[in-house]
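Chains as they are written, first to last, in this note's numbering: chain A, 66 to 298; chain B, 66 to 298.
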């Protein structure tokens, strides 16, 4: 890897710099929706795919900004990182950074709902409440709101599904005004959420591509190549 | 540290072995309660305190078994580890291992409630549900159920509170039949949940002790010393 860096330093033309001058914003990881000071709702996203995409975009010469939920990952070299916790935090940061980027990649697993009333003290378990309800409110749709920005960046979304992949993915792309969507089947063990490997079905309005099971770093490079092909059209 | 190990190996009497021949079971970390295949409810417990207690108990010569929720920690050398996810899993394992131990330490931040009906597919966000309810059921009380076992181990519980520490802690100790309880105020930043430091107020039926802010490894040794004092009475 050191050799590659040295070669790149003295002869940058040897490495492909197809995103030189472009700014890429990537959301990554889960969000956490507070229930009270100690409890929260979250999901199994590790952030690995988003961070791999950041690294791949950086490798193509882009200026890369990662908006990250709580993850245990090291920021890829040369990328700028903005840490957030809740979906509302991520929404605000995404609109701010999305307004001045060329490519927006919504890779984070954002909570669709937040807790309606967050308790300021830890909710006590009492003898007379064997059942309890948590009331949830729908969170704003980050990727759809970024896709409504003027000027609009190229927007790549993700769809984690457990059934009927292409149907849900193409529907989501159209409803949200995305330029491309990468769908993965999270019901298959050993890929996707919290795993080092993944497989993706990538759709855009007039085409599609299958990226078969691979480690997320390699998969991220293949996905960024598809993005480059589409923005060059 | 190597020197200590060498000295200990050739002259074990130099190190205090006050738990030699005793079995200590420690629960640690958070539990995760599934909402659907990708979402869950959890809490901010890192597992650091439980793992530090395991290490401290091992240092006193005990046979140590850790029942751990999902954490990013290395198992202390010489301890046996049992990984669990939900509160129901942890309950089952705790009754099994609690039945044959001398000291049971309930350090895990167990979810008080689980989701009543776990969805087998990812719950879809639809346009017509801006609000949503999650119905929860109370989980079994692990530490109270272990304290009902015959023969009963010495049971140390924890209380994470945001107000009125001694009142809630002593009430919890009495209701659940515990022999000792360690309470910490999780509303103070920089200690407790997800932190490397903590401060504890320790209560037992006829006494109490304040363990002031310290790193969790040192605090765990102080707490184990209090346990040793109580079981020796």
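Just so you know, even glycine gets a beta-carbon here, dropped at the ideal spot from N, CA and C. Just so you know, these numbers come straight off a predicted model, no measurement behind them.
Would you list, in sequence order, the uninterrupted beta strand (DSSP E) runs of no fewer than 3 residues that lie entirely inside the segment 204-246 of chain B? The qualifying runs are 219-226.
At a CB-CB cut-off below 8 Å, which residues of chain A make contact with residue 108 of chain B? 103, 104 and 105
Do you know offhand how far residue 207 of chain A's Cα is from residue 146 of chain A's? 18 Å
Taking Cβ to Cβ, would you say residue 251 of chain B is nearer than 8 Å to residue 225 of chain B? yes
Cβ pair count under 8 Å reaching 3, the segment 112-125 of chain A against the segment 136-145 of chain A: yes
Any beta-carbon of chain B closer than 8 Å to the one on residue 92 of chain A? no
Just list the alpha helix (DSSP H) runs in the segment 108-164 of chain A, keeping only unbroken ones of 4 residues or longer that don't cross its boundaries, in chain order. 113-124 and 152-163
Other residues of its chain near residue 128 of chain A: CB distance less than 6 Å, five sequence neighbours each side excluded: 88
For residue 349 of chain B, go through chain A and note every residue whose CB falls closer than 8 Å to its CB, in chain order. Any property of residue 349 of chain B remains undetermined from this structure, which presents chain B solely from 66 to 298.
Contact with chain A by residue 145 of chain B, beta-carbon distance below 8 Å: Under the Cβ criterion of 8 Å, residue 145 of chain B is not counted among the residues facing chain A.
Which residues of chain A have a Cβ atom closer than 8 Å to the Cβ of residue 225 of chain B, listed in chain order? Neighbours of residue 225 of chain B across chain A, judged by C-beta separation under 8 Å: 103 and 187.
Shortest alpha-carbon distance to residue 96 of chain B belongs to which of B:166, B:117 and B:173? B:173
Give a yes or no on whether the minimum CB-CB distance between residue 199 of chain A and chain B is below 8 Å. yes
Residue 108 of chain A vs residue 152 of chain A beta-carbon contact at 8 Å: The criterion of a C-beta distance shorter than 8 Å is not satisfied by residue 108 of chain A and residue 152 of chain A.
Rounded C-alpha distance that separates residue 177 of chain A from residue 239 of chain A: 18 Å
Residue 98 of chain A: which of A:295, A:202 and A:260 sits nearest, CA to CA? The shortest CA-to-CA distance from residue 98 of chain A to any of A:295, A:202 and A:260 is the one to A:202.
Evaluate residue 77 of chain A with the Cβ neighbour count: other Cβ atoms within 10 Å of its Cβ, from every protein chain shown; 16 or more gives buried, anything less gives exposed. The predicted model places residue 77 of chain A with a pLDDT of 49, which falls under 50 and marks its position as unreliable; any figure quoted below should be read in that light. That one is exposed.
Does residue 286 of chain A come out as helix, strand or coil in the three-state DSSP assignment? helix
With DSSP as the reference, identify every bridge partner of residue 95 of chain A, one or two as the case may be. A:174
Which residues does DSSP pair with residue 248 of chain B in a beta bridge? Answer by DSSP bridge pairing, in chain order: B:224 and B:266.
With a threshold of 8 Å between beta-carbons, can residue 211 of chain A be considered close to chain B, or not? Taking Cβ atoms only, chain B never reaches closer than 8 Å to residue 211 of chain A, which makes this a no.
Take residue 300 of chain B as the anchor and find which of B:219, B:104 and B:94 has the nearest alpha-carbon. Any answer about residue 300 of chain B is impossible in this case: the structure gives chain B only from 66 up to 298.
Between the C-alpha atoms of residue 141 of chain B and residue 161 of chain B, what's the straight-line distance to the nearest angstrom? 22 Å
One or two residues paired with residue 167 of chain B in a DSSP bridge: Answer is none; residue 167 of chain B lacks a bridge partner.
Along the chain, where does the beta strand (DSSP E) containing residue 194 of chain B start, and where does it finish? Here residue 194 of chain B belongs to no beta strand (DSSP E), and DSSP marks it neither H nor E.
For a cutoff of 8 Å on Cβ pairs, would you count residue 178 of chain A as touching chain B? yes
In three-state DSSP terms, what is residue 85 of chain B? Shown here, residue 85 of chain B sits in coil according to DSSP, grouped into three states, outside any helix or strand.
Could you say if the segment 232-249 of chain A and the segment 264-278 of chain A meet the contact criterion of at least three C-beta pairs nearer than 8 Å? yes
When the Cα atoms are used, what is the spatial distance from residue 6 of chain B to residue 285 of chain B? Residue 6 of chain B lies beyond the stretch modelled for chain B, which goes from 66 to 298, so this question has no answer here.
Tell me the DSSP secondary structure of residue 253 of chain B in three-state form. coil
Interface residues of chain A facing residue 202 of chain B [CB-CB closer than 9 Å]: In chain order: 195, 196 and 197.
Using beta-carbon positions only, say whether residue 167 of chain A and residue 223 of chain A come within less than 8 Å of one another. With contacts defined by Cβ atoms closer than 8 Å, residue 167 of chain A and residue 223 of chain A do not form a contacting pair.
Return the CA-CA distance between residue 130 of chain A and residue 183 of chain B, expressed in angstroms with no decimal places. Note on geometry: alpha-carbon atoms of residue 130 of chain A and residue 183 of chain B lie some 36 Å from one another.
Are residue 171 of chain A and residue 92 of chain A touching if we call contact CB-CB under 8 Å? yes
Using a Cβ-Cβ cut-off of 7 Å (strictly less than) and excluding sequence neighbours within five positions of residue 277 of chain B, which residues of its own chain qualify? 264
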